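**Student:**
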Amino acid sequence: MLESCQNAQERWGGVHLLIDRWLQERKELVEAYAAINGSAQAPSAETLQHFCEILVDYVSAGHFEVYEQLTSEAKAFGDQRGLELAKQIYPRIEVITEVALAFNDRCDKGDCQDSVSLLDELKRLGQLLHERFELEDCLIEVLHNAHQEQAAPAI
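7 is the number of the first residue of the sequence shown in this note's numbering; add one for each residue after it.
Next comes the structure, spelled out in C-alpha cells:
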C-alpha cells in the first residue's frame, strides 16, 4: 500500500509541478501582453517578438505537456466525467491556439507593422487568451484537483 501511495505521489506530484510551472508561464504571458497592449501606439519589434516567444511557449506547453498529463491522470482515475469535459473544451482551446500561432506567424513575417490593425488584433487576441485561461482553469479543476485527494498518500 505504501508503494502504491509513493507511486501515485511520484506520478501525479509531477503533474502538480508541471501545472505550477505552466501557470508561472501564464503570468509571464499576461505581463508580456500588458507590455505590448498598454499604450495606443504599436509596440516595438523587440517587445512584440518577446511576447510572441512567450505566447508560443505557453500554448505549446499546454498542448504537448499539460493537457496530455491531465488527460492521462483522468484516465488513470477512471474519471469519465472529466474526460468528457475535456472532449468538449479541447476543440475551443485548439481554435484559440490556431489564432495565437497565426498571429505569431504574421509577426515573424513582418506583417504586424500596421499599428491600427495590430492594436485591434492584440485586443482580440487578449480576449481569446482570457477565454482560454478560463477553459484551462476548468480543466485543471476537473482533471487534476478532483484527483488530488485520491492520489494523496494515506496517513
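Where a beta carbon is used, it is the ideal one built from N, C-alpha and C, also for glycine.
Just so it is clear, the structure is predicted and the values come from calculations on it, not from any experiment.
Could you spell out the range, first to last residue, of the alpha helix (DSSP H) harbouring Pro-97?
**Tutor:** Segment 86-114, the alpha helix (DSSP H) holding Pro-97.
**Student:** Taking C-beta to C-beta, are Cys-113 and Leu-54 nearer than 8 Å?
**Tutor:** Against a cut-off of 8 Å, the Cβ pair of Leu-54 and Cys-113 comes out as a contact.
**Student:** Which two residues bound the contiguous alpha helix (DSSP H) that contains Ala-80?
**Tutor:** Residues 73-82.
**Student:** Could you spell out the range, first to last residue, of the alpha helix (DSSP H) harbouring Cys-58?
**Tutor:** From DSSP, the alpha helix (DSSP H) with Cys-58 extends over 51-67.
**Student:** Look at Ala-80 and Leu-89 and say whether their C-beta atoms are less than 8 Å apart.
**Tutor:** Yes, they are a contact pair.
**Student:** Is the beta carbon of Ala-41 sitting closer than 8 Å to the one on Leu-124?
**Tutor:** No, Cβ-Cβ distance for Ala-41 and Leu-124 is not below 8 Å.
**Student:** Kindly give me the distance between the Cβ atoms of Val-62 and Leu-107, rounded to whole angstroms, as I take these residues to be in contact under 8 Å.
**Tutor:** With a Cβ gap of about 7 Å, Val-62 and Leu-107 count as contacting.
**Student:** Compute the Euclidean distance between the alpha carbons of Glu-127 and Arg-138, then round it to the nearest angstrom.
**Tutor:** Distance between the alpha carbons of Glu-127 and Arg-138 is about 16 Å.
**Student:** Is there at least one Cβ from chain C nearer than 8 Å to Glu-31's Cβ?
**Tutor:** Structure shown: chain C not included; a single protein chain is present.
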